[in-house]
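Enquirer: Dropping the structure in here first, questions after.
Protein chains in written order, with the numbering used here: chain A, 1 to 356; chain B, 357 to 712; chain C, 713 to 1068; chain D, 1069 to 1424.
Put into structure tokens, the structure is as follows:
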């Protein structure tokens, strides 16, 4: 495909918050042409009618939602983004892949390599287990080399993105005990999707702080898969998500045991140097990873609507633990932006196209 | 003192958020008479002028802020609440105690028994170390028996309240390894007080999630003092506070290692039973501790403006850890309400007076 | 009935936000005994199970929601509060009144004296028009004398309360042209009730400001009824409600034409004096009306969870208009608190019982 | 200047919220090169250090804040944006203009043509009254033809933008009585700037709704200047701003008297047609004006971070009034985005450059 012609893309299920954020990014992407958007609920209406916020884009006034059919999608688009509930996504992915479309799936359907783990965490038999081995886990900083040839990309969950990017380099470098990982996450309410449940009404969320899904949230499955692979042995993670009253953002605080004890200032300084070196080597050149220095700590308001992850760490000489903190936008870096980053790599475009 | 005559009380430094919440409670307290309020900034103005929200109380329209002088306070009040910055509080407490007033201090000045620890965490020499041994730590569920005779009460910090109430019974019962305690806390912005710093402007806090004070927050000192005493050996705690956009509330999530491993369902069920028994025995009859059962988890919106703490726990058979969660109002249970609970015990009033 | 025995009361439909706030007030009311609460959805569960926030009240742990039947209600309660949707409320009110219960209705069913107006604004035939003439409009400052003998009270809507209290005295005194009234109101999201509509999801309301129901909101009917009666001629009102991201509160800004022009400072000062005199005479002794003086302007945060209305006014010599502003809590003064104020008057209790 | 070489631009006073939003837009502008940013407070630090949120732009990591000196600014930039307090802005504008820079001023200093009005509303003598006649009022839809040749542009205030765009076409077309204008506006807290005043602390703004600046806000001066000019006679406006808890956004509701009465459905339909025609003719081709059709009403969440204004209107046959509503982002359309739109017109660039 020519670098000058835009790539025709489609979004299936563009009416949720993740799909909507993907529309935002693809409408302005210099190398993508939004050729089709589907939604059973909104079929026939223009993008501008459903999402007035996009109405100043000429494309939003002409492009209409259609019923999702794989035949039409394959004709219209070279790359299809699936923003569907898990289970349903797999049903679309299989025929699309078979007919030659490249698929970027935002659901959980292709994130796990082991169908038994999928069944354990998602309480259903995987509909197309034979596709699992073909999917690339779309965490670009980790799987960059596999993405150009990928035809099926499984975008990571929002919580796993906020956990894996800060932890994987430490596990790979042997700097922490991989069995010690505790992840405490705060999420904005858009993470729950556009669900009509009373838990997500304004009055129920505003002035409310609450944990949920304790202790076995579904996102554990992919966190543990990736960390186990990096560690070379089975890893289980302690993970607690919390709902807090912001629209967007995930703030994750990680409690980790360094592989080496540090009893004095000198040992702590040496370990801190190793950590800096490890992160610098992993992410020093990454356009979307911001390693904070000095007294700065992550703050979700500095990453909202961007594809950036902020990471900072502190050694605690009193407890011997390492505290690592990260901030992302759950919709952009957690879903749609990371999907576009994968898309750029799949198509050979500059990785930051449409994301700066 | 007669049970029918109200006790005259004073609030020194009633212009911050904690002082304001104390005013709210004492204006309606059936056994207390708000006899004096002081504030250098507002001296001469009525309570109603400074806080319009109280103006429908007749007392608020007549009571004026005065300059704080210990002589006048001792004449006017039998019990004096100090809502002052640490350091300054100790300067008032000493002469007040000497002249016979009973003092309930909301600052950190009398929480620590060891002046060296005070100096380490508060970066100043303690002004009246000889008073430290006379102070009672005002956590009523733990120090109830000492409060009736107390003349100087040190109300716990808001974070320590949210950590100690759920953890102390477990440590006392030997159910957890006291060296394993990790506390992750989220706090509403009123916890920072009415400080004119740009960090606390609406635009900087709204749509923002951020950790701060990592890894050595001042409240660690009192947490560790109380936990060490309960454990019978030195305890250090891992504690990370976060600022989140609500006015009031602290949500604390605790990661703990049970003293006994549990490898199977039966062992987990036994341990869960022991935990329930431990909490039931400690708090089953407490009017302000709500032990959640079934699927319920703590939510700050259920405790705002009350003196209640909500507690729930979950064993994680995958990791072998115990997750305990608590919710309080940082101003009421975290400060002013707990102070009134102490006041009730000091005066022999029903413990719930003015708090239901 | 004896002043010392509490009055048994019931709440029908206690699961919405208004019903919940009424539960809060009645649980603590010194002269009321919450004898029954009904809810089809929650029948069988205790109040504490449905609303954990009330669980520290012993009564909340014993009282169970029941199916609503008028026979049982009449046996259990002397006064029945109806917190039901309009239409349904009238179906309960009729048999309850007939069987001798006194009814305080929070819905719109008995606010309008003219069934044709009810039909115009609520798009249904009034089910029991013969009861309309017996109902007292429960705005206590205006209808105080009729409340002690009332057996059926129609509590005003939240918006009408915020408009009528500031405007009625001016109309009665002939100080404004009653045909000039423009009311611009902002409401917190609890005003929409606990409705599962996507418009009220957190993400849709947070960081959103929007008008709705323009130009013919249902609450106009009762505003115009009361203003027409005060003016002695038909009055129509311009009214625009807006949804803004707070839980509770209504801020209403009124644009009015004074009956007399004021062209110079002296005339403005005279008119301002008349306005002050008018408001002072109407509300100077009212426990729940706060007339702001000096530079103070209404702020909903000063009235949240109280029965107070704040009122301030400004003459604009540049335009010749009068701007009057009011703030209430839409749930408390707008619904439940005003209902309790009516209850107090009906039962001969001090008007502020349970409301300070 | 060549269309292919970017225009070097500078921002003076880039540390407030308006300046920060301007930085956001200019960093991504395809035809502008951010050559200098000044701030006394931050001189020496990089843009990335002061605003971590921009740190993923390479330019933000290299560009440093400098002390503002007109000599340096003239050397570095062809166009200088002034994001300074009024009074101070004029002091910079005069020498910059004299030395040949083109100036886009975001303050109030050059918005008023009459220095006496400036003195009345801003309580100081205008420092360079001779420049007033040279300034173009930077409301592009109204003053588009004057902008290409302008060397000094006065960007309108945020409230005036939200009022003038919906009202000016109606006044020009004679569709409303220009003496009838009432504007009720709600503003997000960023409109107050990054001021350290307790009124703007999170806890004071969250869960608060309040009017302020009643009845003579400074922005009236420019509203009335522009409306008087359009009407051909002196116009005074009734304007009430309110502070509401969102970060960004202005929602303005306008109450207007149509020039022609409409007593029946047919007359209302004719008038509605005239209004549609008027707005369509004024804004039908405008890229940043969204005329809402059908049941849609403005919502600030649909315009946040964009340069778009949403406008809708309703005739009220009951009162004979016209209600017009608009929504903008107070920072982008209200300040920085509109400034960039002016910049595009001044430089001959497509008007939407850097704004879509």
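Think of the CB as a built atom: it goes at the ideal place given N, C-alpha and C, for glycine as much as any other residue. Note that the coordinates shown come from a computational prediction; the quantities given were computed from them, not determined experimentally.
May I ask you to list the residues that DSSP assigns as paired with residue 864 of chain C?
Expert: Here residue 864 of chain C corresponds to residue number 152 of the third chain, with the count starting at 1. Paired residue(s): C:815.
Enquirer: If you pair each beta-carbon of the stretch 273-284 of chain A with each one of the stretch 127-137 of chain A, do three or more pairs fall below 8 Å?
Expert: no
Enquirer: Would you kindly work out how many angstroms separate the C-alpha atoms of residue 69 of chain A and residue 82 of chain A, rounded to a whole number?
Expert: Along the first chain, one-based indexing puts residue 69 of chain A at 69. Along the first chain, one-based indexing puts residue 82 of chain A at 82. Using only the alpha carbons, I get a separation of about 12 Å.
Enquirer: Quick one: what's got a C-beta closer than 8 Å to residue 192 of chain A's C-beta in the same chain, skipping five residues either side?
Expert: As a position in the first chain, residue 192 of chain A is number 192, starting the count at 1. The answer, listed in chain order, is 199, 200, 243.
Enquirer: For residue 124 of chain A, is the classification buried or exposed, using 16 other Cβ atoms within 10 angstroms of its Cβ as the cut-off for buried?
Expert: One-based indexing of the first chain puts residue 124 of chain A at position 124. It counts as exposed.
Enquirer: Let me see if you follow: with CB-CB separation under 8 Å, is residue 870 of chain C close to chain A or not?
Expert: Taking the third chain and counting its residues from 1, the one referred to as residue 870 of chain C is at position 158. Closer than 8 Å: no.
Enquirer: Jot down the residue ranges of each uninterrupted beta strand (DSSP E) in the stretch 166-207 of chain A, minimum 3 residues, whole runs only, in chain order.
Expert: The stretch 166-207 of chain A contains these whole beta strand (DSSP E) runs: 182-187.
Enquirer: State the Cα-Cα distance for the pair residue 1233 of chain D and residue 727 of chain C, rounded to the nearest angstrom.
Expert: For the purposes of this step, residue 1233 of chain D is identified with residue 165 of the fourth chain, where counting begins at 1. For the purposes of this step, residue 727 of chain C is identified with residue 15 of the third chain, where counting begins at 1. Their backbone Cα atoms lie some 45 Å apart in a straight line.
Enquirer: Taking Cβ to Cβ, would you say residue 1235 of chain D is nearer than 8 Å to residue 1322 of chain D?
Expert: Residue mapping note: residue 1235 of chain D aligns to position 167 of the fourth chain, counting from 1. Residue mapping note: residue 1322 of chain D aligns to position 254 of the fourth chain, counting from 1. Yes, Cβ-Cβ distance for residue 1235 of chain D and residue 1322 of chain D is below 8 Å.
Enquirer: Is there at least one Cβ from chain A nearer than 8 Å to residue 898 of chain C's Cβ?
Expert: Locating residue 898 of chain C in the third chain gives position 186, where the first residue counts as 1. Cβ-Cβ to chain A under 8 Å: no for residue 898 of chain C.
Enquirer: In the stretch 284-356 of chain A, which residue ranges form an unbroken beta strand (DSSP E) of at least 3 residues, counting only runs that do not cross its ends?
Expert: 289-291, 309-316, 321-328
Enquirer: Under the rule that 16 or more other beta-carbon atoms within 10 Å means buried, what is residue 53 of chain A, buried or exposed?
Expert: The sequence position of residue 53 of chain A within the first chain is 53, counting from 1. Result: buried.
Enquirer: Taking 7 Å as the limit between beta carbons, can you name the residues of its chain near residue 374 of chain B, skipping five residues before and five after?
Expert: As a first step, residue 374 of chain B must be located in the second chain, where it is residue number 18. For residue 374 of chain B, where only same-chain residues beyond five positions count, the Cβ hits under 7 Å are 439, 462, 687, 691, 692.
Enquirer: Start and end of the alpha helix (DSSP H) containing residue 1185 of chain D?
Expert: By 1-based counting over the fourth chain, the position of residue 1185 of chain D is 117. 1183-1190 is the span of the alpha helix (DSSP H), which, as asked, contains residue 1185 of chain D.
Enquirer: Between which two residues does the beta strand (DSSP E) carrying residue 1326 of chain D extend?
Expert: In the fourth chain, counting from the first residue as 1, residue 1326 of chain D sits at position 258. In this chain, residue 1326 of chain D is not harboured by any beta strand (DSSP E), its DSSP state being neither H nor E.
Enquirer: List the residues of chain B whose Cβ lies closer than 7 Å to the Cβ of residue 999 of chain C, in chain order.
Expert: Numbered from 1 along the third chain, position 287 holds the residue referred to as residue 999 of chain C. Those within 7 Å of residue 999 of chain C in chain B are 412.
Enquirer: When we look at the beta-carbon of residue 86 of chain A and count the other beta-carbons within 10 Å, is it buried (16 or more) or exposed?
Expert: Along the first chain, one-based indexing puts residue 86 of chain A at 86. It counts as buried.
Enquirer: Is the CB of residue 2 of chain A under 8 Å away from at least one CB in chain D?
Expert: Locating residue 2 of chain A in the first chain gives position 2, where the first residue counts as 1. With a pLDDT of only 42 at residue 2 of chain A, under the threshold of 50, the placement of this residue in the model should not be trusted; the figure read from the coordinates follows. Not closer than 8 Å to any Cβ of chain D, the Cβ of residue 2 of chain A fails to qualify, so no.
Enquirer: Just by C-beta distance, which residues in the stretch 557-570 of chain B are closer than 9 Å to chain D?
Expert: 557, 558, 559, 560, 561, 562, 563
Enquirer: Check whether chain D comes within 8 Å of residue 550 of chain B, counting only Cβ atoms and requiring the distance to be less than that.
Expert: Position 194 of the second chain, counted from the start, is the residue given in the question as residue 550 of chain B. Yes, its Cβ sits closer than 8 Å to a Cβ of chain D.
Enquirer: Based on DSSP bridge pairs, tell me the residues matched to residue 1148 of chain D.
Expert: Position 80 of the fourth chain, counted from the first residue, corresponds to residue 1148 of chain D. The bridge partners DSSP lists for residue 1148 of chain D are D:1078, D:1171.
Enquirer: Where do the N-terminal and C-terminal ends of the alpha helix (DSSP H) with residue 1126 of chain D fall, by residue?
Expert: Numbered from its first residue, the fourth chain carries residue 1126 of chain D at position 58. Per DSSP, residue 1126 of chain D is one residue of the alpha helix (DSSP H) stretching across 1126-1130.
Enquirer: On the DSSP bridge assignment, give the partners of residue 849 of chain C in chain order.
Expert: As a first step, residue 849 of chain C must be located in the third chain, where it is residue number 137. For residue 849 of chain C, DSSP records a beta bridge to C:866.
Enquirer: Of the choices D:1366, D:1182, D:1317, D:1297, whose alpha-carbon is the least far from that of residue 1227 of chain D?
Expert: The residue labelled residue 1227 of chain D in the question sits at position 159 within the fourth chain. For the residues D:1366, D:1182, D:1317, D:1297, the minimum Cα distance to residue 1227 of chain D belongs to D:1317.
Enquirer: Does DSSP put residue 1159 of chain D in a helix, a strand or coil?
Expert: Taking the first residue of the fourth chain as position 1, residue 1159 of chain D is located at position 91. Reduced to three states, the DSSP call for residue 1159 of chain D is helix.
Enquirer: Judging by CA-CA distance, which residue of C:750, C:719, C:768, C:763 is the nearest neighbour of residue 744 of chain C?
Expert: Taking the third chain and counting its residues from 1, one reaches residue 744 of chain C at position 32. Measuring from the Cα of residue 744 of chain C, the nearest candidate turns out to be C:719.
Enquirer: In the structure shown, what three-state DSSP assignment does residue 54 of chain A receive?
Expert: Along the first chain, read from residue 1 onward, the residue named residue 54 of chain A stands at position 54. Three-state DSSP puts residue 54 of chain A in a helix.
Enquirer: From residue 1057 of chain C to residue 383 of chain B, what does the alpha carbon distance come to, in whole angstroms?
Expert: In the third chain, residue 1057 of chain C corresponds to position 345, counting from 1. In the second chain, residue 383 of chain B corresponds to position 27, counting from 1. Roughly 24 Å between the two C-alpha positions.
Enquirer: Need the endpoints of the alpha helix (DSSP H) that residue 401 of chain B sits in, please.
Expert: Within the second chain, residue 401 of chain B is the residue found at index 45, counting from 1. Segment: none, residue 401 of chain B is in no alpha helix (DSSP H) and carries neither H nor E.
Enquirer: Can you find a CB in chain C that lies within less than 8 Å of the CB of residue 189 of chain A?
Expert: On the first chain, residue 189 of chain A is found 189 positions in, with the first residue counted as 1. Yes - at least one Cβ of chain C is within 8 Å of the one on residue 189 of chain A.
Enquirer: Are residue 970 of chain C and residue 1009 of chain C touching if we call contact CB-CB under 8 Å?
Expert: Within the third chain, numbered from 1, the residue matching residue 970 of chain C stands at position 258. Within the third chain, numbered from 1, the residue matching residue 1009 of chain C stands at position 297. The answer is no: Cβ separation not under 8 Å.
Enquirer: Output the distance between the C-alpha atoms of residue 96 of chain A and residue 103 of chain A, rounded to the nearest integer angstrom.
Expert: The residue given as residue 96 of chain A occupies position 96 in the first chain. The residue given as residue 103 of chain A occupies position 103 in the first chain. Using only the alpha carbons, I get a separation of about 7 Å.
Enquirer: State the start and end residues of the unbroken alpha helix (DSSP H) segment that holds residue 224 of chain A.
Expert: Position 224 of the first chain holds residue 224 of chain A. Looking at the DSSP string, the run of the alpha helix (DSSP H) that includes residue 224 of chain A is 220-231.
Enquirer: Using the beta-carbon of each residue, which ones in chain C are nearer than 8 Å to residue 796 of chain B?
Expert: Within the shown structure, residues of chain B are numbered from 357 to 712, placing residue 796 of chain B beyond reach of any answer.
Enquirer: Determine, using beta carbons only, whether residue 346 of chain A comes closer than 8 Å to chain D.
Expert: Looking up residue 346 of chain A in the first chain gives position 346. No, its Cβ sits nowhere closer than 8 Å to a Cβ of chain D.
Enquirer: State the DSSP-derived secondary structure class of residue 1088 of chain D, mapped to helix, strand or coil.
Expert: Along the fourth chain, read from residue 1 onward, the residue named residue 1088 of chain D stands at position 20. Note: residue 1088 of chain D maps to helix in three-state DSSP.
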